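Here the structure comes first, spelled out in structure tokens, and everything after it is commentary.
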Amino acid sequence: MRRHTCTRRTTRCRTERARSPAAMHRRTLLFAVVMAISACTPANLASTPTPAPTRDPGSLNVSALLDLSGSRAPSGAPQRDALQLWADQHTIGSPRVRLRIVDVAGSPSKTVLELRRAAVEDRADAIVIGVPVDYDEAFAAAVQLAQVPVLFTLPIAEPATAGGWAFALAPTPAQLARATLTIGSPRVRLRIVDVAGSPSKTVLELRRAAVEDRADAIVIGVPVDYDEAFAAAVQLAQVPVLFTLPIAEPATAGGWAFALAPTPAQLARATLDHAAGRVVLSSTVVVSDESVTAITERAALVAELARRGVTANIIKVTGSDVGARLRAIPLVTPIVFFAGAPKTYTDAARQTTMGSSLYLSYLSDLGDLADLREAAAQATWPGSRWIAATANANPARAVFARSYTDRAGPPTSLAATAYDALSLLATAAEGGFDPVRMRDRLQKGTFAGVATTYSFTMSRHAGFALEDIAFLGYTGARTAPVIR
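The numbering used here puts the first residue of the sequence shown at 62, with every later residue one more than the last.
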């Protein structure tokens, strides 16, 4: 006997838009599951379907996936703020954007899960992904299944393989490599050596790089006492040697040494010019822990002060007595100069130099300034003006700053100079790898870099443009400094 059910037959509206095969397939599966459940359920039980998300016909629903927690960098907070700013500025108009921001907490698996959820459950019209992704075949397939436009704000490979649904708003990694490194031909093969803070190992590795590794060029990014012995070691290498930290004018090493940072004498002159614009340089204190970098900077500051007719009060400290020695500085002292890397001084300086302007070394980084805490507002240090937040940088500098910040935080002058070292060498090697020819191209050319525009001559191998030295002020550990 035929059994009747209470299910009413429904008629599809003739004007309803035809469903896609994928949608029909999903609905067929859903119908089959519902029917299977109904067959196993007593007839007297009623079920209430889960309502679908409500939609405003005049709104464009956009889901943005960001890293707002977790340890993965970069933080999604700046993108969140920019998205909300745009939404606040466009509250009037059509279509109205309905923005939903999702924190994927640094999780690759949650990124894929929330991508699917945004497309299926939230019925997003478009999705913005502002987190790092491994854009492989599996991820491209997940994008294609979403069947809505998916926009990526961080660099990924060309995404045209995802059925046309993926769009990369940032440059691809390949484009960044071409645009930010002037390295295309020749290809640079980079070997990084840790000299572990040892001056003797620095000399040993310099010789090894030239003789055993047969390096075409060498970059030295550690403090060195650039005396006659070191200049002789450079000359024996017989390949271009680029220094990214301040050293004295190195034109004496047979033309093989090139200083990319300002010399200590240039930094001392710029520092005292800046300080003299604030106060009269009659009562000055120079603090030195007598490290390799501190000795060089202290000597340069004292010599420049003497040239201006000022006798410096020199205070030599160690890690154990720095607090007591700094407490002896008179409270009315307007300016205190700290020679060398500032780590020895930071704890004591924030407690004992209230009211004084603090001039730190070119070697300072944002971590050093953060250690000063409240006293960071009193501090300034010389560096490249092009790393400052207020700099009106050219496109290459802007791309470097953005790419470096995404990777490691705001760049320092030292980071920008190290980046420039490879750019200069790659440019010099375009005509061939012969060391003499590379040296000649370097010492006869001008090179536009990130930190400055470098210019060398046969008699001058310190190439930093002095007009690009600026005095920087601390604004935060994760934000670029400002020019003071």
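Don't be surprised by glycine CBs; every beta carbon is placed ideally from N, CA and C.
No experiment lies behind these values; they were computed from the predicted model shown.
Asked	Found
Quick check on T413: does DSSP put it in helix, strand or coil?	helix
Following the continuous alpha helix (DSSP H) through L297, name the residue where it begins and the one where it ends.	E289 to A298
Checking 7 Å against the spacing of the C-beta atoms, do S124 and R159 come in under that value?	no
Have a look at the DSSP bridge pairing and note the partners of P260.	None; P260 has no bridge partner.
Is it true that the CB of A336 sits closer than 7 Å to the CB of I396?	yes
Is DSSP giving I190 helix, strand or coil here?	strand
Do L303 and V280 count as a contact pair if the criterion is CB distance below 7 Å?	yes
Would E351 pass as a contact of P325 if the rule is Cβ separation under 7 Å?	no
Would you check if there are 3 or more beta carbon pairs closer than 8 Å linking the region 413-420 to the region 471-490?	no
How is T488 classed by DSSP in three states: helix, strand or coil?	helix
What span of residues does the alpha helix (DSSP H) with K505 cover, start to end?	Neither: K505 is in no alpha helix (DSSP H) and is coded neither H nor E.
Which of the three DSSP states, helix, strand or coil, is assigned to L527?	helix
Hey, which unbroken runs of the alpha helix (DSSP H) at 4 residues or more fall wholly within the region 295-350?	325-337
Return the bridge partner residues of P443 from the DSSP annotation.	F532
Cutting at 8 Å between CB atoms, please list the residues of its own chain near W226, excluding the five before and the five after it.	V204, Q205, A207, Q208, V209, P210 and V211
Just the C-alpha distance for A320 and D197, rounded to the nearest angstrom, thanks.	43 Å
Please classify L146: does DSSP put it in a helix, a strand, or coil?	helix
What is the C-beta distance between L126 and E175, in whole angstroms, given that I count them as a contact (C-beta under 8 Å)?	5 Å
Report the residue from P232, L144, L306 and R388 whose alpha carbon sits nearest the alpha carbon of V346.	R388
Leaving out the 5 sequence neighbours to the left and right, which residues in its chain are closer than 7 Å to V340 when beta-carbon positions are compared?	P395 and I396
Is it right to say M519 is buried, meaning 16 or more other beta carbons lie within 10 angstroms of its own, or is it exposed?	exposed
Where does Y47 fall in DSSP's three states?	Residue 47 is absent from the model: the chain starts at 62 and stops at 545.
Starting from S418 and walking both ways along the beta strand (DSSP E), at which residues does that stretch end?	S418 to Y420
Using only alpha-carbon positions, find the residue among A331, I153 and P542 that is nearest to L366.	A331
Does the beta-carbon distance from A449 to V300 come in below 7 Å?	no
Would a C-beta distance cut-off of 7 Å place D164 and S132 closer than the cut-off?	no
Which value, in whole angstroms, describes the spacing of the CA atoms of L433 and T407?	5 Å
So the beta strand (DSSP E) Q398 belongs to, where does it begin and stop?	First, the amino acid is wrong: residue 398 is Phe here, not Gln. Note, F398: beta strand (DSSP E), I396 to A400.
Measure the alpha-carbon distance for R492 versus Q140 and round it to whole angstroms.	Residue 492 is actually Gly in this sequence, not Arg. Cα-Cα distance, rounded: 43 Å.
Judging by CA-CA distance, which residue of R275, L265, G401 and E182 is the nearest neighbour of W442?	G401
Would a C-beta distance cut-off of 7 Å place D426 and P135 closer than the cut-off?	no
Only counting runs of 3 or more residues, tell me where the beta strand (DSSP E) segments fall wholly within the region 200-234, in order along the chain.	211-213 and 227-229
Sorry if obvious, but does the Cβ on D334 come closer than 6 Å to a heavy atom of the ligand HEM?	Of the ligands one can find in the structure shown there are none, so the ligand HEM has no counterpart to examine.
Just how far apart, CA to CA, sit I375 and R386?	11 Å
Once you ignore the five residues that flank V189 on each side, which residues in its own chain have a CB closer than 6 Å to its CB?	A125 and L212
Ignore the nearest five residues each way along the sequence and tell me which others in A561's own chain have a CB closer than 8 Å to its CB.	Only positions 62 to 545 of the chain appear in the structure, and residue 561 is not among them; the question remains open.
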